[in-house]
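Asks:
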């Protein structure tokens, strides 16, 4: 019934890879969360948005597009391992996460740390391929935030905001890949994307609301409760306004605006569809971040080609 009015998320390429991988490797691939495609798309799209925003009247550099694709995949995997190393005890008590490799004991902590080091080294190799010193500096500045994030849900009801500030800074990194410096446009885009991340991650957090209460974990879903739709509407207005302002500062052409209008309509549809008491609907709406990502990317590229 749900599939009748909720679009599917990204193609389940990761799940296919796991099914066809050698059995001894499958637990490590699941630890890297490659079966949850929406997660790493949420990290990849900001890179592409920033890169496209800085591309000055043309499509983004395809070599950089490919590097960001690989880099986002690796860093999302590394972040997932860090999160699971920190939260294994909590995960074991939550229905949705109890079967994760670390929480279930399928992978040891030593094995997880080795996998983390390998993934981080591979990510460094991708980063150095850009040959951009400022990108390296900014990327290294983000690493401590990745390690801090899992602890934020213990001390604040807004860990989603902290994660948004961390993940969405890749908008600025994408811009730096194209321009070599920081400007007003990517900062405005970054601020808008923080609200965007809070929107989707709050919906995601509603899936675990009861378990989070039981084990003492905090989230924006618990902070907002029945006010979720009202507050997310305000956040969504900020997203559209700040991305629009970024487009103006970047000199995007008329083609940017109709597609940004579709982004706004996507938000309207999400809020109308959202049922915070249905984990199924919340999960599917989170997956729809994939289509939102493509719309924002299309808006920026259309704006570049019509400037």
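In UniProt numbering, the protein residues as written are 1 to 307.
All C-beta atoms in this analysis are idealised placements derived from N, C-alpha and C, irrespective of residue type, glycine included.
As the structure is a computational prediction, the values presented were derived from the model and not from experiment.
Using a Cβ cut-off of 9 Å (strictly closer), state whether residue 194 contacts chain C.
Replies: The structure shown has no chain C; it contains just one protein chain.
Asks: Near residue 4, which residues of its chain fall below 6 Å by C-beta distance, leaving aside the five closest residues on each side in sequence?
Replies: With a pLDDT of 42 at residue 4, under the threshold of 50, the modelled position of this residue cannot be trusted; read the value that follows with caution. Within the same chain, residue 4 has no close Cβ partners at all.
Asks: Compare the Cα-Cα distances from residue 229 to each of 140, 268 and 255 and report the closest residue.
Replies: Of 140, 268 and 255, the residue nearest in Cα terms is 268.
Asks: Go to residue 29, then tell me how far its alpha helix (DSSP H) extends in each direction, as first and last residue.
Replies: 23-31 is the span of the alpha helix (DSSP H), which, as asked, contains residue 29.
Asks: Going straight from the alpha carbon of residue 283 to that of residue 81, what length do you get?
Replies: So the alpha carbons of these two residues sit roughly 21 Å apart.
Asks: Is DSSP giving residue 44 helix, strand or coil here?
Replies: Looking at residue 44 - three-state DSSP - the assignment turns out to be helix.
Asks: Just verifying my parser: in three-state terms, what is the DSSP assignment at residue 94?
Replies: Looking at residue 94 - three-state DSSP - the assignment turns out to be coil, as it is neither helix nor strand.
Asks: When you compare each of 139, 135 and 166 to residue 148 by their alpha carbons, which one comes out closest?
Replies: Considering only alpha carbons, the answer is 166.
Asks: For a test of the three-state rule: what should DSSP assign to residue 291, helix, strand or coil?
Replies: It is helical.
Asks: Whole angstroms are fine: how far does the CA of residue 118 sit from the CA of residue 85?
Replies: About 15 Å.
Asks: Does the separation of the CB atoms of residue 174 and residue 159 fall below 9 Å?
Replies: Contact: no.
Asks: Do you know offhand how far residue 73's Cα is from residue 206's?
Replies: Computed Cα separation, rounded: 25 Å.
Asks: Could you name each continuous alpha helix (DSSP H) segment of 4 residues or more that falls completely within the stretch 204-260, going from the start of the chain to the end?
Replies: Within the stretch 204-260, the complete alpha helix (DSSP H) runs of at least 4 residues are 209-215, 220-224 and 228-249.
Asks: Roughly how far, in whole angstroms, is the beta-carbon of residue 189 from the beta-carbon of residue 53, given that I think they are within contact range, below 8 Å?
Replies: Right, the Cβ-Cβ distance comes to about 6 Å (below 8 Å), so this counts as a contact.
Asks: What is the rounded straight-line gap between the Cα of residue 98 and the Cα of residue 92?
Replies: If I take the Cα positions, the gap works out to 4 Å.
Asks: What is the DSSP secondary structure of residue 129, reduced to helix, strand or coil?
Replies: In this structure, residue 129 counts as coil in the three-state DSSP scheme.
Asks: Quick check on this structure: which residue in 106, 295, 183 and 44 has the alpha carbon closest to the alpha carbon of residue 251?
Replies: Of the listed residues, the one whose Cα sits closest to residue 251 is 183.
Asks: What is the DSSP secondary structure of residue 168, counted as helix, strand or coil?
Replies: DSSP places residue 168 in coil when its eight states are reduced to three.
Asks: Alpha carbon to alpha carbon, what distance is there between residue 164 and residue 258?
Replies: About 26 Å.
Asks: Run the CB neighbour count on residue 277, radius 10 Å, all protein chains shown included, and call it buried at 16 or more, exposed below.
Replies: By the neighbour-count rule (16 or more Cβ atoms within 10 Å), residue 277 is not buried but exposed.
Asks: For a test of the three-state rule: what should DSSP assign to residue 149, helix, strand or coil?
Replies: It is helical.
Asks: Can you find the residues in the same chain that come closer than 7 Å, C-beta to C-beta, to residue 308, ignoring five residues on each side of it along the sequence?
Replies: Summary: the structure shown does not reach residue 308, with the chain confined to residues 1 through 307, and so no result is reported for it.
Asks: Measuring CB atoms only, is the stretch 210-219 touching the stretch 280-295, in the sense that at least three cross pairs come out at less than 8 Å?
Replies: Cβ pair count under 8 Å is below three, so no.
Asks: Relative to the alpha-carbon of residue 172, which residue among 200, 142, 105 and 150 has its alpha-carbon at the smallest distance?
Replies: Checking every option, the nearest Cα to that of residue 172 belongs to 142.
Asks: Can you give me the start and stop residues for the alpha helix (DSSP H) that residue 104 sits inside?
Replies: First-last of the alpha helix (DSSP H) with residue 104: 101-104.
Asks: Count the other CB atoms within 10 Å of the CB of residue 108; is the residue buried (16 or more) or exposed (fewer)?
Replies: Its Cβ having fewer than 16 others within 10 Å, residue 108 is exposed.
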